[in-house]
Amino acid sequence: MLVIRNVHSLNFSYSMKNIIVFGITLLFLASCSSSESKESSPVEQESVTPPTDNPIANSDVSLYLTKSDKSALFQLQNAKIPLFTDNGNFSINVDPDISYQEIDGFGFALTGGSALHLNTMSPIERAEILNELFSVDGIGTSYLRISIGASDLDIEPFSYNDVPNGETDENLDGFSIAEDQENLIPVLKEILAINPDIKILGSPWSPPSWMKTSNSTIGGSLNPMYYNTYANYFVKYIRAYENEGITIDAISVQNEPQHDTNNPSMLMQASEMADFVKNNLGPTFETENIQTKIIVWDHNADNPNYPISILNDAEAKPYIDGSAFHLYAGSISSLSSVHNAHPDKNIYFTEQWVSSTGEFAGDLSWHTRELIVGATRNWSKNVIEWNLVSNSQFQPRTPGGCT
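Letter 174 of the sequence shown, counting from 1, is numbered 174 in the numbering used here, and no numbers are missing.
In structure tokens, the structure reads:
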């Protein structure tokens, strides 16, 4: 049974019918199972006793139900939502004259490992799961996050411009997305054939090692002498994907810029990110007519001062679309703190894992409360879960990557 607690009045600029379908569908997004698709036979909805003996009319809004004991997993109910005239529960007030943030979408990180698993399925099986996930007749996933180069959930770390140790390539003559063309791009093209409107965010875990002070995929900082080269690296990435028919809607400057022990990873202080954006990345995008949005931070909600300090920089701010957050530390309410400091800039929620040692009922409750409801109530335009596909051994991952 769906229980809503502590719900404040909400205002949306959508029709009531669309909001209810949207909300109910996405509240249970994380609970969908490949063995329990939305086409499963409807199960009987738990009854709601009307407050009077008078017959209660039902709306035409479809209801999908997930239960914490897994007895129902995103299953269509026979009963419709009743149109009660008397209400003893919490009310949701819809005011079509008041708008808050627009919602870009809900979805997952399509890591290199995810693409590997999907691409090694049979074409029939892959088409079935992709349609279930991305079709408007399925779950309707509407947002993806991909890594620019490798994430820690690839077989090994790589960039699009790796050179032998001790060498550099400032003109980026050796730039190539060949690694992505093996698994990630073919899967993305199949997804886009199902949902051509899906939005895609690209995030780098590390630049090429030769651009870094560590000369390694792990840690180090971006060497200032390569700031402009790295800005051109982003341009080449966006255009290479355009040539594949794939639009990168947004990029974040650096994934988890204060987590520099992962493989790959890079440390990037707020002052460095602001400097790179205002003097290199932003002007280069402008000169090259790149429309892809620039998003800063892309790390935990415990440090809202990091994105605020960048947005306080009057030279950097015009190039920035907004800030992105994870919730491995901090409070989801911190997203509102950043919004309140710079209400003209957008908020995104870009990563949260479901632990391999987690428990379904608790995970369903937490992710619904903190992310699907919590992030959007704190101005986020999207919610992205990490990560779409792993196998039973939680592979692949890079040496030194998350286990």
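Glycine included, each C-beta is placed from N, C-alpha and C at the ideal position. Treat the numbers as computed from the prediction; the structure is a model and nothing was measured.
Check                                                                                                                         : Outcome
Rounded Cβ spacing between Met-268 and Pro-283 (contact assumed at less than 8 Å)                                             : So it is not a contact: roughly 18 Å between Cβ atoms.
Runs of beta strand (DSSP E) lying entirely within the region 100–130, each at least 3 residues, in chain order               : 105–109
Stretch pair the region 114–130 + the region 96–103: three plus CB contacts closer than 8 Å                                   : no
CB of Leu-364 within 9 Å of CB of Thr-168, strictly                                                                           : no
Residue nearest to Asp-180 in terms of C-alpha spacing, selected from Ser-356, Ser-392, Ile-103, Gly-112                      : Gly-112
CB-CB length for Lys-278 against Ala-316, believed under 8 Å                                                                  : 4 Å
CB of Ile-129 within 9 Å of CB of Gly-202, strictly                                                                           : no
Sheet register partners of Arg-145 (DSSP bridge)                                                                              : Ala-109, Leu-201
Beta-carbon spacing of Lys-236, Leu-172 below 9 Å                                                                             : yes
Where Tyr-160 falls: helix, strand or coil (DSSP)                                                                             : coil
Those runs of the alpha helix (DSSP H) which lie wholly inside the region 294–364 and span at least 4 residues                : 305–311, 334–341
DSSP state of Trp-210 mapped onto helix, strand, coil                                                                         : helix
CA-to-CA distance, Ser-176 to Tyr-241, given in whole angstroms                                                               : 11 Å
Beta-bridge pairing of Tyr-241 - partner residues as DSSP gives them                                                          : DSSP, once it has assigned bridges, lists no residue as partnering Tyr-241.
Cβ-Cβ separation, Tyr-306 to Ala-341 (assumed contact under 8 Å), whole Å                                                     : Their Cβ separation, rounded to whole angstroms, is 12 Å, which puts Ala-341 and Tyr-306 out of contact at 8 Å.
Pairwise C-alpha distance: Pro-208 and Val-163                                                                                : 8 Å
Simplified DSSP assignment, three categories, for Pro-96                                                                      : coil
Euclidean distance between Cα positions of Ser-216 and Ala-109                                                                : 24 Å
Identified DSSP bridge partners for Asn-58                                                                                    : Pro-82
Counted within 10 angstroms of its Cβ, other Cβ atoms place Leu-83 as buried (16 or more) or exposed                          : exposed
Assigned exposure category for Ala-329 - 16 Cβ within 10 Å defines buried                                                     : exposed
Residue environment, Val-7, which counts as buried when at least 16 other CB atoms sit within 10 Å                            : In this prediction, Val-7 has a pLDDT of 32, which is less than 50 and means its spatial position is unreliable; nothing more can be read from the coordinates.
Sufficient close CB pairs (3 or more, under 8 Å) joining the region 134–144 to the region 193–201                             : yes
Residues that DSSP places opposite Asn-183 in a beta bridge                                                                   : DSSP, once it has assigned bridges, lists no residue as partnering Asn-183.
Beta-carbon proximity check, Leu-327 vs Gln-352, cutoff 9 Å                                                                   : yes
contact_flag[the region 371–391, the region 343–352] where n(CB pairs < 8 Å) is 3 or more                                     : yes
Own chain, CB closer than 7 Å to Asp-104, minus 5 neighbours either side, in chain order                                      : Tyr-143, Lys-199, Lys-381, Asn-382
DSSP state of Glu-385 mapped onto helix, strand, coil                                                                         : strand
Distance CB(Trp-210)-CB(Ile-148) smaller than 9 Å                                                                             : no
Chain-order list of residues whose beta-carbon lies under 6 Å from that of Gly-453 (same chain, five-residue window excluded) : There is simply no residue 453 to check, as the chain begins at 1 and stops at 403 in what is shown.
Proximal residues to Tyr-227 (C-beta, below 6 Å), its chain only, five neighbours per side dropped                            : Phe-276, Asn-280
Ile-92 and Pro-396 closer than 9 Å at C-beta                                                                                  : no
Which of helix, strand or coil DSSP assigns to Cys-251                                                                        : Looking at the sequence provided, one finds Ile at residue 251 rather than Cys. Three-state result, Ile-251: strand.
Cβ neighbours of Gly-107 in the same chain (closer than 7 Å, five flanking residues each side left out)                       : Thr-141, Ser-142, Tyr-143, Leu-144, Ile-384
Bridge partner(s) assigned by DSSP for Tyr-64                                                                                 : Leu-76
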